[in-house]
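Participant: In my numbering, the protein residues as written are 54 to 608.
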Ligand code: NOJ
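#1: Have a look at residue 275 and residue 153 and give me their C-alpha separation to the nearest angstrom.
#2: Could you check the C-alpha separation between residue 85 and residue 134 for me, to the nearest Å?
#3: In the DSSP output, which residue or residues are listed as bridge partners for residue 182?
#4: Compare the Cα-Cα distances from residue 603 to each of 302, 538, 546, 167 and report the closest residue.
#5: Between residue 426 and chain D, is the shortest Cβ-Cβ distance under 9 Å, so that the two count as touching?
#6: Quick one: using the 10 Å Cβ neighbour count with 16 as the cut-off for buried, is residue 482 buried or exposed?
#7: Is residue 217 near ligand 1, judged by its Cβ being under 8 Å from some heavy atom?
#8: Could you give the DSSP three-state label for residue 211: helix, strand or coil?
#9: Where does residue 431 land, buried or exposed, given buried means 16+ other C-beta within 10 angstroms?
#10: Is any non-hydrogen atom of ligand 1 found closer than 8 Å to the C-beta of residue 332, if you look at the structure I gave you?
#11: Check whether the Cβ atoms of residue 554 and residue 560 sit closer than 9 Å, and answer yes or no.
#12: Specify whether the segment 219–227 and the segment 160–177 touch according to this definition: at least 3 beta carbon pairs, one from each stretch, less than 8 Å apart.
#13: Thinking residue 469 and residue 487 are a contact (beta carbons under 8 Å), I'd like their distance in whole angstroms, please.
#14: Between the beta-carbon of residue 149 and the beta-carbon of residue 203, is there less than 9 Å?
#15: Go through its chain and collect everything with a Cβ distance to residue 80's Cβ below 8 Å, but skip five positions before and after it.
#16: Alpha helix (DSSP H) containing residue 262: first to last residue?
#17: Beta carbon of residue 274: closer than 8 Å to some heavy atom of ligand 3?
#18: Please say whether residue 351 and residue 599 have beta carbons closer to each other than 9 Å?
#19: Taking a cut-off of 5 Å, which residues have a beta-carbon closer than that to any heavy atom of ligand 1, in chain order?
#20: Looking only at its chain, what residues have a beta carbon closer than 8 Å to the beta carbon of residue 558, apart from the 5 residues adjacent to it on each side?
#21: Opposite residue 269 in the DSSP bridges: which residues?
#22: Quick one: Cα of residue 106 to Cα of residue 239, how far?
#23: In this structure, how does DSSP classify residue 100 when only helix, strand and coil are distinguished?
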């Protein structure tokens with residue numbers, strides 16, 4: 054298996070990236086039209102969120118046909134052209150495989166509903182318990198995870214929306230169907246895959262009530278998960294040495310992620326985990342408001358960095374994606390220190406051990422949506438929770454405040470390419486309103502000398518040119534400092550020191566106290582900072598609001 058430590062991946066939420074035909078929806082041809090922008094940024098792979106036929110109840114994560122392109126995104130020819138054009142520019146295309154569930158509109162499920170036993174066994178149907186669903190498990194989008202089917206007097210399992218029925222991976226034919234789909238896309242020339250919530254595919258032998266939680270402990274990193282991933286690897290992408298694969302791991306553990314991503318296990322190239330993105334959840338509840346816990350964020354990074362390094366696991370490095378609020382609005386300051394904090398946050402993860410992901414718009418500082426009415430939201434999770442919180446008696450104002458901070462739609466507003474009416478995204482009406490936060494756009498940012506975009510270019514170049522960043526060990530410094538996240542990467546005698554101030558108060562970092570020579574020594578070199586020049590006091594480096602400093606020390 055290849056190692057991807059010198060690569061950077063860019064995530065495209067297709068529906069919101071670029072609309073080429075004026076219908077208000079982003080599409081594949083739109084992506085092709087923006088390839089030179091992505092090439093200029095310097096990324097290696099483009100991960101496209103699902104583009105397959107879908108009723109779009111969960112924006113494509115409810116797949117009705119894995120081998121066909123949804124007409125709202127374009128045609129197979131459009132995708133083939135994108136693959137080819139991207140390749141010319143040195144970029145590979147990654148597709149999103151949603152294999153935990155299918156849409157209930159999928160032919161398999163439709164046949165199951167007609168009572169065809171072959172296809173009924175593709176899903177998880179169970180009898181209820183005393184007039185109630187088989188178990189008390191909760192759907193990730195709210196409510197019970199089982200849906201009743203009167204003609205069978207049975208329920209089917211859906212860990213997500215009720216139109217997303219969980220597949221039965223115990224069934225060998227199901228697994229074979231899915232491996233064939235991966236091979237179909239490999240033959241089309243795609244370079245890699247992201248596997249949606251793939252650590253939920255192995256369900257327990259018996260289904261029982263969860264008296265301690267929502268059921269996740271029974272099916273997360275389930276009993277046969279490693280066996281299934283090894284088989285998937287062997288029977289599909291594993292036959293192509295250079296395929297890049299990333300598994301999305303929900304509520305996972307370090308121990309399992311090591312196994313998922315250590316090359317000797319022959320499962321996946323790397324994993325996404327989300328523990329660091331729950332540090333603003335009150336007692337684990339997403340639908341609450343709490344300032345982010347910086348110490349916890351650092352502790353989680355440290356735990357995962359050291360654990361993955363010790364056992365040669367590989368992790369994806371990211372703050373943003375289509376399920377997360379924008380980090381500059383979340384852990385940064387999108388008003389007074391917009392640029393500084395956008396760059397600092399990028400630095401804080403790009404220099405870690407792992408593979409960085411950039412989510413569309415992040416590279417010029419896109420912010421949260423700042424919607425003020427429920428009518429502006431489109432996401433099924435947000436609209437479900439709006440109703441749930443209303444039923445719980447929360448005042449409308451409070452609910453909207455929570456959605457403003459937590460809704461997945463914060464990351465799903467269209468890319469703001471320029472300041473014109475359709476923001477360079479569409480000539481029609483966008484499917485979801487544009488973000489209402491501080492006015493930013495790619496064009497405006499790129500005109501400025503100290504643009505966020507150019508800073509991202511530098512971060513990418515640094516990774517590509519510096520083996521310490523690709524392969525060096527990681528160690529945290531000032532572990533308990535209330536505002537600084539500092540770490541050192543080391544390879545042989547060479548070191549890269551990374552300092553990040555997460556707040557707006559100036560701080561100091563002593564080089565000597567940490568065994569580094571002062572900055573004026575010949576072997577100390579500034580690699581990058583998000584301010585104009587380095588600020589030093591004696592042998593100390595001062596870190597101004599949201600400042601990042603990257604320094605290399607050579608023997
Ligand atoms: C994770 C995806 O990222 C999310 O958008 C989707 O709703 C769920 N998986 C279900 O497929």
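Every residue gets a Cβ at the ideal spot worked out from N, C-alpha and C, and that includes glycine.
Facilitator: Taking the structure as given:
#1: Here residue 275 refers to the residue found at position 222 of the chain shown. Here residue 153 refers to the residue found at position 100 of the chain shown. Going from the Cα of residue 275 to the Cα of residue 153 covers about 12 Å.
#2: The count along the chain shown starts at 1 and reaches residue 85 at position 32. The count along the chain shown starts at 1 and reaches residue 134 at position 81. In this structure, the alpha-carbon of residue 85 lies about 8 Å from that of residue 134.
#3: Here residue 182 is taken as the residue at index 129 of the chain shown, counted from 1. In the DSSP output, where bridge partners are listed per residue, residue 182 has 185.
#4: Position 550 of the chain shown holds residue 603. Checked all of 302, 538, 546, 167; the closest Cα to residue 603 is 538.
#5: Protein chain content of the structure displayed is limited to a single chain, and chain D is not contained in it.
#6: Position 429 of the chain shown, counting from 1, holds the residue named residue 482. That one is exposed.
#7: For this step, residue 217 is matched to residue 164 along the chain shown. For ligand 1, at least one heavy atom lies less than 8 Å from the Cβ of residue 217.
#8: In the chain shown, counting from the first residue as 1, residue 211 sits at position 158. Residue state, collapsed to three classes: coil.
#9: Residue numbering aside, residue 431 sits at position 378 when the chain shown is read from its first letter. Per the 10 Å Cβ criterion, buried.
#10: For this step, residue 332 is matched to residue 279 along the chain shown. No, the Cβ of residue 332 stays beyond 8 Å of every heavy atom of ligand 1.
#11: Here residue 554 corresponds to residue number 501 of the chain shown, with the count starting at 1. Here residue 560 corresponds to residue number 507 of the chain shown, with the count starting at 1. Yes.
#12: A contact exists between the segment 219–227 and the segment 160–177.
#13: Residue mapping note: residue 469 aligns to position 416 of the chain shown, counting from 1. Residue mapping note: residue 487 aligns to position 434 of the chain shown, counting from 1. Contact holds; Cβ gap of about 6 Å.
#14: Sequence index remark: in the chain shown, residue 149 carries index 96 (1-based). Sequence index remark: in the chain shown, residue 203 carries index 150 (1-based). The beta carbons of residue 149 and residue 203 sit no closer together than 9 Å.
#15: Here residue 80 is taken as the residue at index 27 of the chain shown, counted from 1. The beta carbon of residue 80 sits closer than 8 Å to those of 67, 71, 72, 73, 74, 125, 126, 127, 131, all from its chain and outside the five residues before and after it, given in chain order.
#16: As a first step, residue 262 is located in the chain shown; it is residue number 209 there, counting from the start. No alpha helix (DSSP H) contains residue 262, which DSSP labels as neither H nor E.
#17: Of the ligands this structure carries, namely ligand 1, none is ligand 3.
#18: Here residue 599 refers to the residue found at position 546 of the chain shown. Here residue 351 refers to the residue found at position 298 of the chain shown. It is not a contact, given that the beta carbons lie outside the stated cut-off.
#19: Ordered along the chain, the selected set is 111, 114, 213, 249, 250, 376.
#20: Walking along the chain shown from the start, residue 558 turns up at place 505. Spatial neighbours of residue 558 in its own chain (CB-CB distance under 8 Å, excluding positions within 5 residues in sequence) are listed in chain order as 536, 598.
#21: Sequence index remark: in the chain shown, residue 269 carries index 216 (1-based). The partner list for residue 269 (beta bridge, DSSP) is empty, contrary to what the question assumes.
#22: Residue mapping note: residue 106 aligns to position 53 of the chain shown, counting from 1. Residue mapping note: residue 239 aligns to position 186 of the chain shown, counting from 1. In this structure, the CA atom of residue 106 is about 18 Å from the CA atom of residue 239.
#23: As a first step, residue 100 is located in the chain shown; it is residue number 47 there, counting from the start. In this structure, residue 100 counts as strand in the three-state DSSP scheme.
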